[in-house]
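Novice:
Chains as they are written, first to last, in this note's numbering: chain A, 1 to 496; chain B, 497 to 992.
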């Protein structure tokens, strides 16, 4: 199997370059001094170009062509790697270099325009850039090809095997029920003071608690760390190097902690991928919708549960004396408190998906041509009012709030809600096993993590997301477990 | 001048790769989790191989061959860049790839053996590795060629234009005088308690003071930062990105501070190189002996002076209350306190160079073949006794203390003392200007930094070190200014 092994070597070389760019990216967000920005951009662009050239090289293609007929059905990992490489290569090959360069140029300007446009809350500044970004996205979709609509082709870049119509059906089913749950959660939260947990939370003590908790979930600090950034993220710098970040509010420890729980969920997935397959599809996370399922599972199903806080509230109260006067039931009410927000990233578990549904529908219409760029603010505000009963005061609190479109990230938002659905479905399946459920009840998560490792993490990209969900839970992604979870949490009582 | 410009582009590409490897190296020493070590080594090796291949490529050679005859005398920077590229290319070309690989293999084993050997204080473990390292160094020296002795060829790798005989003459002149100064300094220090400054120095307050001081010297924190490592260093990640590190002793603030002063001296040099020439010889520090002059100038001539502490001791005493009971004259005595140490890196200003002279002589004899590897411990101890009047208790405190030989760094040590000589000579020249002297008297260093920027930093590698010293001070490197400085500090009174 010489050509397959050569292909693996080439893929590992490409991943060595990508993982080097990840070190540069991590440093840029955490510690890099400001005057380094231009040089850093040159370093990253250089590595990206080298990796892209190798991934689309004649060598790669010819090795793949030799390896494919040699593959045997008895080697499922090998077959999956060949399948993924073929897919990525064809996808990359259909986009001419000139279009890659044009997109890079257009999104670079679009990002600057978006920053300015949002600052002034003036959509007309951003509109011509969005038009150009959209036009490029449509051209790419046409080059890639699609069955029903352009959104299909974009979505596949984030979620292999997914179709717009299947996502749309799921979302249509969710929409009225989510709206009802959200309204009820917000109503029931009216009596919970917003600042109940407000107090003095020294950053070093938050760091200590976050670390203890991340360790108790199974995050390996010999193969990872937590740093501070403006926006939390998780990035993988190598098979033994997964870095999380969070941000600190010295008056509210839950801000950094839920950031860490979310990012540690991503990090546990990355740490659970087969290290020997690093750089191969079989050693790579399969999709954003599966990745987000891991972060949301640990953040919401574990981290906002009663059993979790039975264990951790006493410890938190040792570090933060002002928690000592707060009853556990009040604490839970506080972290389940819900309110409508104009801003997606400030929204809570009960209201979050409504923001996603809105974006999914608008993007789909933009790509289909049934919505003009100039009409986006009006369409956004109408949709928002329909979902939330509120009208954004300005476009900065409406259609200008997210960076994604300016970066060309059309087709991406849907994966956030797919992640929530997958999280609930996986968690429900896991806790149907008595040994996992009893661990979760005692805030001991080794059995849960072990199950996720076997069913999800160890699989890399061997199966498409729908098949992975099917093999882990018996069903493809569906809405019932998530709705059940939300109703349980925001239904009759606030923390059932 | 097309080929010259193409050559510049290629050189910038190489430096883009090197500077990326520097980010990886910095991260490895500061924040990288331990399980990342293997992958990081692969990333660095990959980049090093790519950079080496470009620097020794047929492209580089043919561009250089085209550019050289086109160069004109009216472009001194261009001429200097071509001269340096030619030199580096010929030097690299004379070493066969197989020897590079062999050296990498041999030193990799030698480093492991050295660690173990030092731990057990058993030279016989390290001896066979040192023999192999030495043999490779001799072969390299023979391939590079030399006029008088093999040490010449190795020294040129660190100090362009230097000769062993010139260094040996300087060191021979220094030796008896340094020995006298050191003995006197140690005698006079007998009455100064070792733990006079001992106290409680919280790390965050040390960091604050270090930063204030580094800023006051002119270090630009928009283009740099200070982190924590086991061994202090300075590394350049790009034209606007110079990173210092230091280590903290919570019972002695001077440990981290003098580390920062030393590394900030290196950092000010790097920040003062012409940023537009980053990656070209004209934008690169010229030699280790000049680099070390900058670190020692700020550490010792500035940072251990009376005027410096007239300004900074009151500020330090605000941050560290236990300094309030210490008289300024006692404080100065403390930081000028001298004692003989077996270990070079723990030695002080008055005794440091004796350690270097010893190593220079032994290395030279090893390379000449007049000293056998097996005789090193005996030769070391005899030389040590001759210089210090003491015999090392074991080889861990003698010939096994430094990592340099295990890494193949023969010919390197001499540059430390060259740095001390250059520092004194540059400082003496600078303060002969009244505006610089009066600034220094008030602990205001902008005039001094401006002078160093013009005379040293802005020059990059345009001139060889000896010519650079001549153009800055009127004389090549000599011993008188340094001896004068040491006698002033450790002569009649301890802090004259």
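Cβ coordinates follow ideal geometry from the N, Cα and C atoms, glycine included.
For residue 885/B, collect the residues of the same chain with a Cβ closer than 6 Å to its Cβ; drop the 5 residues on either side in sequence, then sort them by chain order.
Specialist: Reading the second chain from its first residue, position 389 is the one you call residue 885/B. Excluding residues within five positions, none has a Cβ falling inside 6 Å.
Novice: Under 8 Å, Cβ to Cβ, is there at least one residue of chain B near residue 240/A?
Specialist: Walking along the first chain from the start, residue 240/A turns up at place 240. Taking Cβ atoms only, chain B reaches closer than 8 Å to residue 240/A, which makes this a yes.
Novice: At a cut of 8 Å, does the stretch 37 to 44 of chain A reach the stretch 722 to 739 of chain B through at least three beta carbon pairs?
Specialist: Result yes; three or more Cβ-Cβ pairs closer than 8 Å.
Novice: Going along the chain, which residues of the stretch 194 to 227 of chain A sit with their C-beta nearer than 9 Å to a C-beta in chain B?
Specialist: From the stretch 194 to 227 of chain A, only 220, 221, 222, 223, 224, 225 and 227 have a Cβ closer than 9 Å to chain B.
Novice: Going by alpha carbons, who is nearest to residue 57/A out of 86/A, 447/A, 163/A and 44/A?
Specialist: Within the first chain, the letter at position 57 stands for residue 57/A. Per the Cα distances, 86/A.
Novice: Quick one: is residue 539/B near chain A, going by C-beta distance under 8 Å?
Specialist: Position 43 of the second chain, counted from the start, is the residue given in the question as residue 539/B. True, the Cβ-Cβ gap to chain A drops below 8 Å.
Novice: What's the C-alpha gap between residue 796/B and residue 845/B?
Specialist: For this step, residue 796/B is matched to residue 300 along the second chain. For this step, residue 845/B is matched to residue 349 along the second chain. The alpha-carbon atoms of residue 796/B and residue 845/B are separated by roughly 8 Å.
Novice: If distances are taken between C-alpha atoms only, which option among 621/B, 833/B and 591/B comes closest to residue 635/B?
Specialist: The sequence position of residue 635/B within the second chain is 139, counting from 1. Considering only alpha carbons, the answer is 591/B.
Novice: Should the stretch 407 to 417 of chain A be called in touch with the stretch 283 to 300 of chain A, which here means at least 3 C-beta pairs below 8 Å?
Specialist: Segments in contact, yes.
Novice: Pull up the DSSP beta-bridge partners for residue 242/A, would you.
Specialist: Here the question's residue 242/A lines up with position 242 in the first chain. Looking at the DSSP assignment, residue 242/A forms a beta bridge with 224/A and 236/A.
Novice: If I follow the unbroken alpha helix (DSSP H) through residue 247/A, where does it start and stop?
Specialist: Position 247 of the first chain, counting from 1, holds the residue named residue 247/A. Residue 247/A -> no alpha helix (DSSP H), and no H or E assigned at all.
Novice: Here's the rule: buried if 16 or more other CB atoms are within 10 angstroms of the residue's CB, otherwise exposed. What is residue 493/A?
Specialist: For the purposes of this step, residue 493/A is identified with residue 493 of the first chain, where counting begins at 1. Legend: pLDDT at residue 493/A = 47, less than 50; position of this residue unreliable, value from coordinates given subsequently. Counting Cβ neighbours within 10 Å, residue 493/A comes out exposed, since fewer than 16 surround it.
Novice: For my contact list, residue 189/A and residue 338/A are in at a C-beta cut-off of 8 Å; report their separation, rounded to the angstrom.
Specialist: Reading the first chain from its first residue, position 189 is the one you call residue 189/A. Reading the first chain from its first residue, position 338 is the one you call residue 338/A. About 5 Å; that satisfies the 8 Å criterion.
Novice: Which residues, in chain order, does the stretch 530 to 556 of chain B contribute to contact with chain A at a C-beta distance below 8 Å?
Specialist: Within the stretch 530 to 556 of chain B, the residues whose Cβ lies closer than 8 Å to some Cβ of chain A are 530, 531, 532, 533, 534, 535, 536, 538, 539, 542 and 543, listed in chain order.
Novice: Can you tell me the Cα-Cα spacing of residue 142/A and residue 208/A, whole angstroms?
Specialist: On the first chain, residue 142/A is found 142 positions in, with the first residue counted as 1. On the first chain, residue 208/A is found 208 positions in, with the first residue counted as 1. Distance between the alpha carbons of residue 142/A and residue 208/A is about 51 Å.
Novice: Classify residue 916/B as buried or exposed, calling it buried when 16 or more other Cβ atoms lie within 10 Å of its own Cβ.
Specialist: As a first step, residue 916/B is located in the second chain; it is residue number 420 there, counting from the start. With 16 or more other Cβ atoms within 10 Å, it is buried.
Novice: Please state the DSSP three-state secondary structure of residue 654/B.
Specialist: If you number the second chain from 1, residue 654/B lands on position 158. Residue 654/B: coil per DSSP, three-state reduction.
Novice: Can you list, in chain order, the residues of its chain whose CB lies under 8 Å from that of residue 819/B, leaving out five sequence neighbours each side?
Specialist: In the second chain, residue 819/B corresponds to position 323, counting from 1. These residues qualify, in order along the chain: 693, 695, 809, 812, 813 and 827.
Novice: For the putative contact between residue 423/A and residue 431/A, defined by C-beta atoms under 8 Å, what is the C-beta separation to the nearest angstrom?
Specialist: In the first chain, counting from the first residue as 1, residue 423/A sits at position 423. In the first chain, counting from the first residue as 1, residue 431/A sits at position 431. 12 Å between Cβ atoms; not a contact.
Novice: Give the residues of chain E in contact with residue 733/B, contact being defined as C-beta atoms less than 7 Å apart.
Specialist: Protein chains in the displayed structure are A and B, and chain E is not among them.
Novice: Just mark residue 355/A as buried or exposed, buried being the case when its beta carbon has 16 or more other beta carbons within 10 Å.
Specialist: Position 355 of the first chain holds residue 355/A. Buried is the call here.
Novice: Can you tell me which of the three DSSP states residue 557/B falls into?
Specialist: Working through the second chain from its first residue, we reach residue 557/B at position 61. If DSSP states are grouped into helix, strand and coil, residue 557/B belongs with the helices.
Novice: From residue 951/B to residue 732/B, what distance separates their C-alpha atoms?
Specialist: In the second chain, residue 951/B corresponds to position 455, counting from 1. In the second chain, residue 732/B corresponds to position 236, counting from 1. When rounded, the distance between both Cα atoms is 21 Å.
Novice: What is the DSSP secondary structure of residue 935/B, reduced to helix, strand or coil?
Specialist: The residue you call residue 935/B lines up with position 439 of the second chain. Reduced to three states, the DSSP call for residue 935/B is helix.
Novice: Of all Cβ atoms in chain A, is any one closer than 8 Å to the Cβ of residue 782/B?
Specialist: Counting from 1 along the second chain, the entry for residue 782/B is found at position 286. With 8 Å as the cut-off, residue 782/B does not count as an interface residue toward chain A.
Novice: Helix or strand or just coil, what does DSSP make of residue 965/B?
Specialist: Taking the second chain and counting its residues from 1, one reaches residue 965/B at position 469. Residue 965/B falls in the helix class under three-state DSSP.
Novice: I need the straight-line Cα distance from residue 569/B to residue 580/B, nearest angstrom please.
Specialist: Mapped onto the second chain, residue 569/B falls at position 73. Mapped onto the second chain, residue 580/B falls at position 84. So the two alpha carbons sit approximately 16 Å from each other.
Novice: With a Cβ-Cβ cutoff of 8 Å, do residue 753/B and residue 706/B count as a contact?
Specialist: In the second chain, residue 753/B corresponds to position 257, counting from 1. In the second chain, residue 706/B corresponds to position 210, counting from 1. Their beta carbons are under 8 Å apart, which means residue 753/B touches residue 706/B by this criterion.
Novice: Can you list, in chain order, the residues of its chain with a C-beta nearer than 7 Å to that of residue 545/B? Leave out the 5 residues immediately preceding and following it.
Specialist: Your numbering for residue 545/B matches position 49 in the second chain. There are no such residues.
Novice: Taking the Cβ atom as the reference point for each residue, do residue 721/B and residue 31/A lie within a distance shorter than 8 Å?
Specialist: In the second chain, counting from the first residue as 1, residue 721/B sits at position 225. In the first chain, counting from the first residue as 1, residue 31/A sits at position 31. Contact flag set, yes.
Novice: With DSSP as the reference, label residue 403/A as helix, strand or coil.
Specialist: Taking the first chain and counting its residues from 1, the one referred to as residue 403/A is at position 403. The answer is coil: DSSP assigns residue 403/A none of H, G, I, E or B.
Novice: Could you check whether the stretch 651 to 659 of chain B touches the stretch 669 to 686 of chain B, counting it as contact only if at least three pairs of C-beta atoms, one from each stretch, sit closer than 8 Å?
Specialist: No: fewer than three Cβ pairs fall under 8 Å.
Novice: What whole-angstrom Cβ distance do residue 460/A and residue 283/A have, given they're in contact under 8 Å?
Specialist: For the purposes of this step, residue 460/A is taken as residue 460 along the first chain, with counting starting at 1. For the purposes of this step, residue 283/A is taken as residue 283 along the first chain, with counting starting at 1. About 5 Å; that satisfies the 8 Å criterion.
Novice: Hey, which unbroken runs of the alpha helix (DSSP H) at 4 residues or more fall wholly within the stretch 766 to 814 of chain B?
Specialist: Listed in chain order, the complete alpha helix (DSSP H) runs (minimum 4 residues) inside the stretch 766 to 814 of chain B are 784 to 792.
Novice: Taking Cβ-Cβ distances below 7 Å as the criterion, which residues of the stretch 10 to 28 of chain A are in contact with chain B?
Specialist: If the cut-off is 7 Å between Cβ atoms, the stretch 10 to 28 of chain A has 16, 19, 20, 23, 24 and 27 near chain B.
Novice: Give the DSSP-derived three-state secondary structure of residue 501/B in the structure shown.
Specialist: Along the second chain, read from residue 1 onward, the residue named residue 501/B stands at position 5. Residue state, collapsed to three classes: helix.
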